[in-house]
Structures are given as C-alpha cells and as structure tokens.
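Trainee: This is the structure I want to talk about, given as structure tokens.
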Amino acid sequence: MRNDMCGGFVRPEFSKTNRSKAAKSLSYIVFSLAAVIANTAQADGEITPMWQESKLDLQLRNYYFSREFSDLKSPGPRRATEWAQGAVASFKSGYSATPLQVGFDVHAFAGVKLDSSRSKINSGLLVLDDDGTAADSYGRLAGTLKLKAGGTELRVGELLPNLPVLTYSDIRLLPPTYQGASLHSVLSSKLTLQAGYLESTSLRNRAGRDKLQAMLGHVPQRQVSSDSFRYLGADYQLTANSQWRLWYAQLEDLYQQAYLNWQQQIALNQQLQFKANLGVFSAQEHGRALLNQLDNQAFYALFSLKQGAHTGYMGYQQMRGDSAFPRVFANVSILGNEVPTFEFASAGEKSWQLRYDTDFSHFGIPGLSSTLRYIKSHGARVGTVTDGEAFERDLDLAYSVQQGALKGLSLRLRNVTARANYRTDIDENRIIVQYNLTFN
Numbered sequence: 000m001r002n003d004m005c006g007g008f009v010r011p012e013f014s015k016t017n018r019s020k021a022a023k024s025l026s027y028i029v030f031s032l033a034a035v036i037a038n039t040a041q042a043d044g045e046i047t048p049m050w051q052e053s054k055l056d057l058q059l060r061n062y063y064f065s066r067e068f069s070d071l072k073s074p075g076p077r078r079a080t081e082w083a084q085g086a087v088a089s090f091k092s093g094y095s096a097t098p099l100q101v102g103f104d105v106h107a108f109a110g111v112k113l114d115s116s117r118s119k120i121n122s123g124l125l126v127l128d129d130d131g132t133a134a135d136s137y138g139r140l141a142g143t144l145k146l147k148a149g150g151t152e153l154r155v156g157e158l159l160p161n162l163p164v165l166t167y168s169d170i171r172l173l174p175p176t177y178q179g180a181s182l183h184s185v186l187s188s189k190l191t192l193q194a195g196y197l198e199s200t201s202l203r204n205r206a207g208r209d210k211l212q213a214m215l216g217h218v219p220q221r222q223v224s225s226d227s228f229r230y231l232g233a234d235y236q237l238t239a240n241s242q243w244r245l246w247y248a249q250l251e252d253l254y255q256q257a258y259l260n261w262q263q264q265i266a267l268n269q270q271l272q273f274k275a276n277l278g279v280f281s282a283q284e285h286g287r288a289l290l291n292q293l294d295n296q297a298f299y300a301l302f303s304l305k306q307g308a309h310t311g312y313m314g315y316q317q318m319r320g321d322s323a324f325p326r327v328f329a330n331v332s333i334l335g336n337e338v339p340t341f342e343f344a345s346a347g348e349k350s351w352q353l354r355y356d357t358d359f360s361h362f363g364i365p366g367l368s369s370t371l372r373y374i375k376s377h378g379a380r381v382g383t384v385t386d387g388e389a390f391e392r393d394l395d396l397a398y399s400v401q402q403g404a405l406k407g408l409s410l411r412l413r414n415v416t417a418r419a420n421y422r423t424d425i426d427e428n429r430i431i432v433q434y435n436l437t438f439n
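So the sequence shown is numbered by numbering that gives the first Met the number 0: it starts at 0 and just counts up by one.
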C-alpha cells in the first residue's frame with residue numbers, strides 16, 4: 000500500500016492489514032490540527048466557539064446494484080451485480096475565535112464487500128484487486144484545512160465540490176473526492192463567487208489518488224489525463240424566486256467549458272407552483288488538445304408544475320457541434336435530461352423528458368415518495384451510427400423515517416429499462432438502505 004499526500008495531510012489507504020496505522024494517522028491529523036489552532040488562538044485565550052460548533056456526521060449505506068447488459072455480444076461479463084456496505088464519517092469543526100478564523104474537517108471513507116464474483120464485477124461499488132476480483136474492503140482518510148474571514152472561506156485539502164461544472168456525484172457506495180483548494184465568497188445577499196484549483200481525484204471505488212480524466216458523452220477517455228481542473232463561477236440571486244449562474248471551467252489540456260443558467264419560480268395561485276430551469280453549455284479543446292478538437296454546445300430546458308402531492312416535469316435537451324458533451328470522468332452533470340444510467344449527451348443528440356413525482360405525505364404517509372420518468376432521444380452520432388436513438392424508463396420509490404429512534408433511516412428502490420442502437424442496452428435494479436446520524 001502507498002501513502003498519498005493531500006493538502007499537507009497524510010492520507011493512507013487501509014485494509015485488513017493496516018487499520019491500526021490508519022487509526023493512528025487519523026489521530027495524528029486531529030491532534031496536529033488542534034495544536035495549530037490552539038496556538039493561533041492563544042492570544043485571545045479562547046477556542047470555545049470552534050468546539051461548540053463542531054459536529055460528527057456518520058453515514059451508513061448498504062447498496063445492492065444489479066445491471067444487466069441485455070444485448071451485449073462481445074466476450075466478457077454480461078452482468079454487473081454486487082452488494083456492499085459503506086460508511087462515511089466526517090468530523091467538521093467550527094472556527095477559532097481569531098481575526099482569521101481557522102477550522103478543519105476530517106473524513107474517513109470505508110467500503111466492505113458483501114457479495115461479488117469474478118463474472119459480476121465492475122458495478123462501481125468496489126475496488127478491483129490485481130487478480131481481477133473485488134477487494135474485501137477498501138477505504139481512505141483525508142483532511143481539509145478551513146480559513147475564514149467575513150463571508151470568504153478558503154478550503155485546502157480534500158474537497159467534495161458540488162458545482163454546475165463539477166457536480167457532486169454520490170451515486171454509488173462512496174462519493175468521489177478531489178484534492179486541491181477552493182474559495183467561496185459571499186459578497187452580498189445576492190452575489191456569491193467561487194473559484195478553485197483541483198490537482199487529483201479519489202474515484203468512488205478507489206482507495207488512492209488518480210489523475211483527472213474526461214468523458215465525452217458516455218465514453219470514458221482513459222487514454223489521456225490532466226494535471227488540473229480550474230473553475231470560476233458567479234451566482235446572482237435576482238429576486239427570491241429568480242437566479243442567474245455564470246461559470247467557466249477548464250480541464251487542463253483536455254477541454255474548457257462555459258455555462259449560463261437561469262432559474263425562475265412563479266406562484267400561479269395558492270396551490271400551483273411553476274418552475275423553469277434553462278441552461279447552456281459551450282465547450283472546446285484546451286491547451287495541448289489531447290482529446291483533439293472539441294466542439295460542443297448543450298442546451299436544456301426543464302419545466303415543472305406542482306400542485307399538492309403531484310409534480311409534473313417536461314424537459315428538452317439538445318447537443319450541437321461535432322463532439323459529445325465533455326465532463327470530468329465518472330461524474331454526472333446537471334444536464335436536464337441526464338439520469339444515472341443514460342446521459343443523452345452524444346454529439347447531435349436531442350431528447351425529450353416526461354416525469355411525474357408523488358409526495359405521499361399528502362395522503363397520510365409522510366416520508367414516502369415516488370418518481371416515474373421517461374426520456375426518449377434521436378439524432379445521436381456515435382462511431383458509425385449517424386442517427387442513434389435511445390430511451391430510458393425509470394421508477395424510483397423512496398421512504399425515510401420521519402421521527403423516533405430510527406429517524407435518519409431511508410430506503411430507495413430503483414428500476415431502470417434503457418435501450419439504444421448506439422450503446423449497450425441496460426436493465427438495472429438498485430436497493431439502497433441508508434442511515435444518517437449527527438453528533439453535536
């Protein structure tokens with residue numbers, strides 16, 4: 000096993016053979032940072048606010064994932080089915096009582112195999128060993144240093160960004176994380192600016208660090224990598240019900256991308272709420288153009304109408320240019336018609352979405368909800384296919400305990416049927432049981 004450096008913190012991988020070392024490293028991180036902060040705050044003689052505002056979040060996630068490739072004709076597994084248990088513990092301190100406020104976060108990630116086999120790997124839940132089988136367990140430790148002055152905060156170390164140009168993609172057992180620095184500044188009640196520099200990533204089913212890579216549409220571009228991801232963005236709250244967003248990002252030597260978004264909410268009457276979400280991406284190659292020339296413009300429009308327990312959605316999405324939609328590898332995006340199985344983001348692809356959500360609390364069952372969604376596309380250009388077509392049908396059922404000793408416990412069931420003439424057909428089922436606890 001190797002040790003990686005992340006923002007000045009040692010982040011060891013751990014397994015059955017070195018958990019004690021991992022625990023010692025975690026203690027070292029905590030006490031070293033505590034000592035630094037204590038010395039910084041010694042002049043004021045008080046660091047109480049930092050500890051008063053500290054909390055420990057614990058997330059336990061049991062994940063069953065089954066994906067069948069119903070039309071796969073090439074050699075290899077035709078099914079990815081695995082079952083695993085994950086845990087994420089995050090200690091988040093408050094801030095020291097100093098002019099430049101100091102704090103820190105410590106994160107621990109762990110995944111344990113419950114069921115897997117050589118013929119059913121690659122679900123995205125588990126690490127693969129060198130022999131091609133799923134590892135029994137994997138995990139990592141990470142730290143983040145926080146510096147705050149007024150409405151501006153700098154974070155250095157392990158980051159979990161959730162940005163229009165790099166969406167938080169917690170869609171498997173553990174979330175992916177990134178190593179670098181981020182700046183978040185609230186300039187007024189209306190305007191927020193963000194900027195950041197990321198140099199590497201820890202993928203959702205990996206214990207160590209990886210180079211940054213890209214995807215074009217649904218196709219990973221693993222043959223090349225990037226040394227950094229940079230971003231700059233502004234969110235402007237025009238009114239309580241209207242927001243504009245303008246962002247720019249570049250994956251060094253691979254692609255650069257700009258994003259403009261408008262969101263509007265209108266109360267048509269006391270019971271009827273209308274929402275509109277319109278976005279435009281524009282991307283091209285960057286630097287050494289290791290992915291060759293890129294030319295993609297993506298537009299989406301998602302409209303919703305809510306009355307009581309019922310919310311209906313209608314969406315449209317279109318890709319223009321000679322390239323598919325670029326993104327950082329293994330991440331989802333905020334495209335209006337992208338769902339966890341198909342992205343509908345190939346070159347030239349146009350797609351429509353219909354979606355219906357139900358909140359059963361209006362029928363006396365608080366915590367129960369459902370989503371039924373259908374997306375259909377045409378015009379995709381992938382390889383030798385010049386008019387690719389696809390559709391996806393999703394059914395989600397979710398229940399979360401609202402009160403009592405089991406508050407924080409949730410169950411989600413997902414069933415997916417996805418078909419296309421330019422990629423593999425998929426039948427998918429997911430069962431996710433999650434328990435969230437917070438200790439203040």
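Even for Gly, the Cβ is constructed at its ideal location relative to N, Cα and C.
These figures come from a predicted structure and were not determined experimentally.
1) Spatial neighbours of Asp209 within its chain, please: C-beta separation below 6 angstroms, excluding the five flanking residues on both sides.
2) By the three-class DSSP mapping on this structure, what secondary structure does Gln292 have?
3) Counting C-beta neighbours from all protein chains within 10 Å, is the total for Ser168 16 or more, i.e. buried, or is it exposed?
4) Shorter than 6 angstroms, the distance from the beta carbon of Ile333 to the closest heavy atom of the ligand FAD, or not?
5) For Pro48, which of helix, strand or coil comes out of DSSP?
6) Pick helix, strand or coil for Lys119, following the three-state DSSP scheme.
7) Considering only residues of the segment 342-370, which uninterrupted beta strand (DSSP E) runs meet the minimum length of 3 residues and lie entirely inside it, listed in chain order?
8) For Tyr299, which of Thr310, Gly216, Gly314 and Arg287 has the nearest alpha-carbon?
9) Identify every run of the beta strand (DSSP E) within the segment 114-193, keeping only runs that are complete inside it and at least 3 residues long; order them along the chain.
10) Tell me the rounded alpha-carbon separation between Gln100 and Gly142.
11) Can you tell me whether DSSP reads Leu197 as helix, strand or coil?
12) So, does the segment 101-117 touch the segment 75-88, judging by three or more C-beta pairs under 8 angstroms?
13) DSSP beta-bridge partners for Tyr94?
14) Take His377 and list the residues in its own chain whose beta-carbon comes closer than 7 angstroms to its own, dropping the five residues that flank it on each side.
15) Considering only C-alpha positions, which residue in the set Leu140, Ala282, Gln249 and Thr191 is nearest to Pro175?
16) Count the other C-beta atoms from every protein chain shown that fall within 10 angstroms of the C-beta of Lys23, then say buried if there are 16 or more, exposed otherwise.
17) Taking 7 angstroms as the cut-off, decide whether the C-beta atoms of Asn428 and Asn439 are in contact.
18) Near Ala180, what residues of its chain come up, given a Cβ to Cβ distance below 6 angstroms and the 5 sequence neighbours on each side ignored?
19) Using a Cβ-Cβ cutoff of less than 6 angstroms, which residues in the same chain neighbour Leu153 once the five nearest sequence positions on both sides are dropped?
20) Classify Ala450 as buried or exposed, calling it buried when 16 or more other Cβ atoms lie within 10 Å of its own Cβ.
21) Taking Leu125 as the reference, give the member of Arg205, Leu371 and Ala266 with the closest Cα.
22) Which of the three DSSP states is assigned to Glu67 in this structure?
23) Where does Lys210 sit, in a helix, a strand or coil, going by DSSP?
24) Please report how far the alpha carbon of Tyr434 lies from the alpha carbon of Leu293, in whole angstroms.
25) Looking only at its chain, what residues have a beta carbon closer than 7 angstroms to the beta carbon of Asn336, apart from the 5 residues adjacent to it on each side?
26) Is the segment 157-166 close to the segment 240-252, with three or more CB pairs under 8 angstroms?
27) Straight-line CA distance for Arg78 to Gly93?
28) Just to confirm before moving on: does the CB-CB distance between Asp234 and Gly286 stay below 7 angstroms?
29) Is the distance from the Cβ of Leu412 to the Cβ of Leu436 below 7 angstroms?
30) Would Leu190 and Ser184 qualify as a contact pair, given that the criterion is a beta-carbon distance under 7 angstroms?
31) DSSP three-state call for Gln401: helix, strand or coil?
32) Applying the 10 Å Cβ sphere with the 16-neighbour rule, what's the burial state of Ala419?
33) Which complete beta strand (DSSP E) runs does the segment 253-282 hold, if anything under 3 residues is left out?
34) The beta strand (DSSP E) that contains His309, what's its start and end?
35) Hey, how far is the Cα of Val327 from the Cα of Ala379?
36) Taking 6 angstroms as the limit between beta carbons, can you name the residues of its chain near Pro365, skipping five residues before and five after?
Mentor: Taking the structure as given:
1) Thr200 and Leu202
2) coil
3) buried
4) By its list of ligands, the structure shown contains no ligand whatsoever, and the ligand FAD lies outside what it can speak to.
5) helix
6) helix
7) 349-358
8) Gly314
9) 136-148, 151-158 and 176-185
10) 17 angstroms
11) strand
12) yes
13) Per DSSP, none; premise fails for Tyr94.
14) Lys349, Asp386 and Glu388
15) Leu140
16) For Lys23, the predicted model reports a pLDDT of 42, less than 50, meaning its position is unreliable; a value from the coordinates is still stated below. The residue is exposed, with fewer than 16 neighbouring Cβ atoms inside 10 Å.
17) no
18) Val155 and Tyr196
19) Leu146 and Leu182
20) Residue 450 lies beyond the residue range present for the chain, which begins at 0 and ends at 439; the question has no answer from this structure.
21) Arg205
22) strand
23) coil
24) 43 angstroms
25) Tyr299, Gly314, Gln316, Phe343, Ser350, Gln352 and Ile374
26) yes
27) 46 angstroms
28) no
29) no
30) no
31) coil
32) buried
33) 254-266
34) His309 to Arg319
35) 21 angstroms
36) Gln401
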